[in-house]
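For the sequence shown, the numbering used here begins at 84 and goes up steadily by one. Just so it is clear, CB atoms sit at the ideal spot from N, CA and C, and this is done for glycine as well. Computed from a predicted structure; not experimentally measured. Input: a single structure, listed below in structure tokens.
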Amino acid sequence: MKAILLFDIKRCTRGITVYLVAACLLALGIFTGSQFSMNAGEAIRLDSPYTIGFMTGMLSLAIIFIATILTSRLLFSESENHFEQILFTTPLHKSGFAAGRFLALWWLTFSSFLVLITGFAAGQQMRSGGAIQLIYYGYPTLIFGGINSLFICSCLSSLAWCTKNKLLTAIGGLLLYVLYMVILLYSNSPFMAQALPQSLLAQRISAIIDPFGLSAYFYVSSTFSVMQRNSLLVPLSGYFLLNRCVILAISLMLTWLSYKRAADTSWQPHRPKAVSHKRSPVIFRLPVTTVYRFPAQMKAIGSFIKTDLHHTFKSIPFAASAIILLFDMSMEMYAAIEKGIRIPQQYASAGLMATTISANFHLLGLLLLVYFVNTLYWKSATVKFAVIETTTAHAGIKQWAHWCSSVFLLLLYTALVIITGILFQYLYRYPYIDWRAYAGVIYFNTAPLALLAGFLLLINRITKRSYIALGISVAMALIVASPLSKKFIPIPLLRFFSGFNGVYSDFNGYGVYVSFFIQRLFFGVCIVGMLWIIYWFIINKSVKRIVVSVIFILAIISFISGRQFMRGYRPYNDLADVRYEKQYRKYQAIPQPTVTAVNTNINLYPDKMAYTITGNYIIRNLTSLPVHRVLINFDDALHLLKAGYTSPWETITIQQVVSEIMLQHPLQPNDSACITFEASYHWWPVNGHLPSNAIIENGSFMRISRYYPQIGYQPQREITDSALRQKYTLGAPTRLKALEAPRATERDFIQLDMVISTPKPQTAIGTGELAGQWQQGDRNFFHYRTSEPIPFRFAVSSAHYSRSSVVHNGVPINVYYHPRHAENVAHLINCAKLTLDYCQQQFGSYPFHSVTFAEVSSYTKGFAGTAYPATIFMTEDMLFHTNIQADQQQDVINEIAGHELSHLWWGNSQIAPDDREGAVMLTETLAMYTEMMLYKKMYGREKMLAKVRLHQQIYDAAKGFSDNPPLYKVTAGDTHISYSKGAVVMVKLSELIGESKVNEALRHFLREYKYPHPRPVSTDLVNEILKVSDVKHHPAIRELFMGT
């Protein structure tokens, strides 16, 4: 055993290859530690023991690939060199051989992982600059690296010794990775947030069976505070200890079984087949003239393709890869439809299936393509037929055949995943097949992979050894085509091998991204074509005029398509924000006027991805000091056409997007002036659309007030990265206003009057109430205005809508939606009625004359529903279009109506606290309370309490990853506190003092602090609650709001 162990280690660690591999692992570790560390939370340090622990666990996934390569080299070396027949004719014992070989496999795998972790530690040190705490790296390396190495080596060695098939063993390693990704969905992992929250039972099962231990790591540390995560190692106890013991036991059992299998294997020599002595037929040889014409070349290509596909389809890797691909895609589709216990089942639309495929197929297809291109190209050399093949007349065109074979395989894989998506649609009873959506799988995945196949063939053609070609191909594919390509290739035009993980909307399809993506593919085809021609030049050492002409034509096409693709490209420039902060931060201490009225016209041009705005502001000096200069900010994304400042004493032209207006006649307290402006907006696909400013062909939504001119210094433009702030000597960023800071006195609500025009037959939905509509030429016009002052916050949508309307107690309720998304409309209207009745009875009269719900496309991100005065917008792919009748029947429509509509009392028209600690408690927490009470009213107390337990679970899962302020000091970023903890606290309060008492306090609070009364702070609400409650409950109430 010892001799075999030392022999294998020595054999695998000599030569220049081992140093190259070690250097690559070290470089990968340094890159991961310095550039690619996953941050679990803003308050969790990158060099904390918690972060180092889970990053070590994630890096241990690399053991799969390391062990697979080593298994292929070590466990099959004798059979590949035909030495297995005489191996045990020596004094070597099978048991000692098997034990030594397995120990060598484990030791080399673990040593390789140690090199990777060493690089990771060095990269972390380069980023943080602190000292390396060896215990922080050593502990998880042993717990994750040591045990996981043993588990993977035992699995692969069992597979290798049982099947004696090298290719099947390699596929088994890939299958381990795919299976683990499935398990991680149920681990409560921060990286699988889209599946949160999973049930506690699913988390516990995952914690026990997770072979890599990460699920147990997350489960045991779920109760940790930020301080504990930053200072303590996750203890090897509870489910974490159980998991490691279970995996260790399984590993030892597999090791023993594989050892016995290897030791008991009888190596029998192959018996030569009996040779039958048949009379050889007479062969007549006739001279045949070789034909080089085009039809003959096509026949030769067809022959090569037939041979390639025959060889591929009969191989185990093809069958195994197809099974793995279908399994992985099926699990991803299932996860996309079934969203856990918080969000209901999604409708299995073609768009959902296609985008799920696009998000996952490209990377898997890339890895499979690297393998099959290498296999096809070197097949002849492997079977020692290349010497004969190269002497044939048409051997030079076999590259075309290999490329065609690779494309055929890609199309076959594509067909398999598309068929799987269609099957899921029928299984989930949503059989509307949208072929435009599935065509995107070919545009955005198959086409760039087919182009990549040509590039990989060139690499294999240039390289002299198959294994070197495979290594270079893997490295280049990851650099130029994987998600890592953004790190290496910042210019989007040059990432033509990459896929597209964009959105598909029932409103708009893929939109302009299809033609945009095809332009980049044309550029890529030209580049790959020129590389092949240049290679041909180098090999043949001759220049032909026609070939030069082809290169010239390809260069022209690539220039035109590349220029068209890059049109409008705007790389991010942090220096602009640095200059802004350094130059204008002084305006935080300079009095500025306030906008009090907005009169605007918005012209939408969805087919051009553009809009224009013209506007007129009335500004007033609401301070007690004269205003000598005004800072006007237009958004950088807008093209400023003209703007000006006008007062009774002077007129000033505004020419820059950020302008300081020096007033010759200062604006005295309570004096007014006017700002007029005209600007346009157009977005280009190369930059991507802004989710909050998505003007698209159908289903547009713009939080358009964000892009209107702002007055005064804008702290949201400050750079938040601490390293960049230190680099540019910016000092500390602007802090959120403390709860105890002096209260805001200005009354900055506005009167809004807006006219929106959009092409026929689209309907434009604005903020406020519809005052009129008309048609002019080929455009529809809609006039919206507010009867009461509102906060400076308005939005616009435009689409081909269907409409449902009712009038409830004199209030019209309108729902605008996609024609195929009518499933939940009636229920939404009923929930809106319930919300209006409850809020008016308990809190006060509804401040508007109507309420409008409008669905917008999935191009808009960041919310499921968002409320504006008299109007609520909902995205199609979050909650509005979900199957609330399925499985657990989570009624998110009731949540949308209860939560968002209640914002018209709390936060968007009547109560509008200024931006300080505790402000979101007065908006989101009160909306969550209303949502819970309405859920109780519709479904009863028990079901409402079940939702409260769910929110408690969400809060418990998230509280350890960020600072945990008390509810009355919560900030906008702590959504797990303002939403989930807020819901729990308010329900506990209603159980403590009674729902009627809570509502009485809220009525008093609204009456005392709604506009135009002074703006409230969170302690005002707490005081109102204390006023209506029994003194004996005061300590408990203070603990609910002020305790952590």
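Per DSSP, Y550 is one residue of the alpha helix (DSSP H) stretching across S549 to V563. Just so you know, the alpha carbons of P1118 and Y322 end up roughly 37 Å apart. Rounded to whole angstroms, W767 and L315 show a C-alpha spacing of 48 Å. Note on V611: 16 or more other CB atoms within 10 angstroms of its CB, so buried under the neighbour-count rule.
Per the coordinates, the alpha-carbon of A847 lies some 12 Å from the alpha-carbon of F936. Approximately 19 Å separates the beta-carbon atoms of L687 and S941; this is outside 8 Å, ruling out the contact. Taken through DSSP and simplified to helix, strand or coil, W732 comes out as coil.
P318 is classed as exposed because its beta carbon has fewer than 16 other beta carbons within 10 Å across all chains shown. Membership of Q834 in the beta strand (DSSP E) is indicated by the continuous run Q834 to P842. Residue state for N770 is assigned as coil, using DSSP reduced to three classes. Its chain contains Y899, Y900, H901, P902 and A905 as the residues whose beta carbon lies nearer than 8 Å to that of S885, once the 5 sequence neighbours on both sides are disregarded; these appear in chain order. Under the three-pair Cβ rule at 8 Å, the segment 1010–1026 counts as touching the segment 981–988. In the assembly as shown, L242 is a buried residue. Its beta-carbon has 16 or more other beta-carbons within 10 Å. Contact between A145 and T192 fails: their C-beta atoms lie close to 10 Å from each other, not under 8 Å. Membership of E1078 in the alpha helix (DSSP H) is indicated by the continuous run E1078 to Y1092. In this structure, A1066 and V1031 form a Cβ contact; the two beta carbons are roughly 6 Å apart against a cut-off of 8 Å.
Straight-line spacing of the CA atoms in G607 and A106 works out to 31 Å. Non-local beta-carbon contacts of S549 in its own chain, meaning distances under 6 Å to residues more than five positions away in sequence, involve W461 in chain order.
D589 is positioned such that its CB atom lies no closer than 8 Å to that of R800. Beta-bridge annotation (DSSP): C757 is paired with I701 and T729. Note: V894 is bridge-paired with H891 in the DSSP secondary-structure output. Counting of Cβ neighbours within 10 angstroms places Y515 among the exposed residues, the total staying below 16.
For Q793, the number of other beta carbons within 10 angstroms of its own is at least 16, and it is reported as buried. When rounded, the separation of the alpha-carbon atoms in A756 and T729 is 6 Å. DSSP places M412 outside any beta strand (DSSP E); the residue lies instead in the alpha helix (DSSP H), whose first and last residues are I399 to I420. The segment 201–212 and the segment 97–117 touch, with no fewer than 3 CB-CB distances between them shorter than 8 Å.
The beta carbons of D517 and A433 sit about 4 Å from each other, so the pair counts as a contact at 8 Å. Boundaries of the alpha helix (DSSP H) harbouring I292: L283 to I292, taken from the DSSP string. About 12 Å separates the Cβ atoms of Y596 and G582, ruling out a contact at the 8 Å cut-off.
Between the beta-carbon of D960 and that of S305 there is about 29 Å, and that puts the pair past the 8 Å contact cut. Under the three-state reduction of DSSP output, H748 falls in the strand class. The beta carbons of N704 and Q751 sit about 6 Å from each other, so the pair counts as a contact at 8 Å.
Using a 10 angstroms sphere on the CB of Q602, the tally of other CB atoms reaches 16 or more, which defines it as buried.
Y596: member of the alpha helix (DSSP H) spanning Y596 to N623, first to last residue. DSSP places M1016 within a helical segment (H, G or I) once states are collapsed to three.
DSSP places A937 inside the beta strand (DSSP E), whose first and last residues are V934 to V939.
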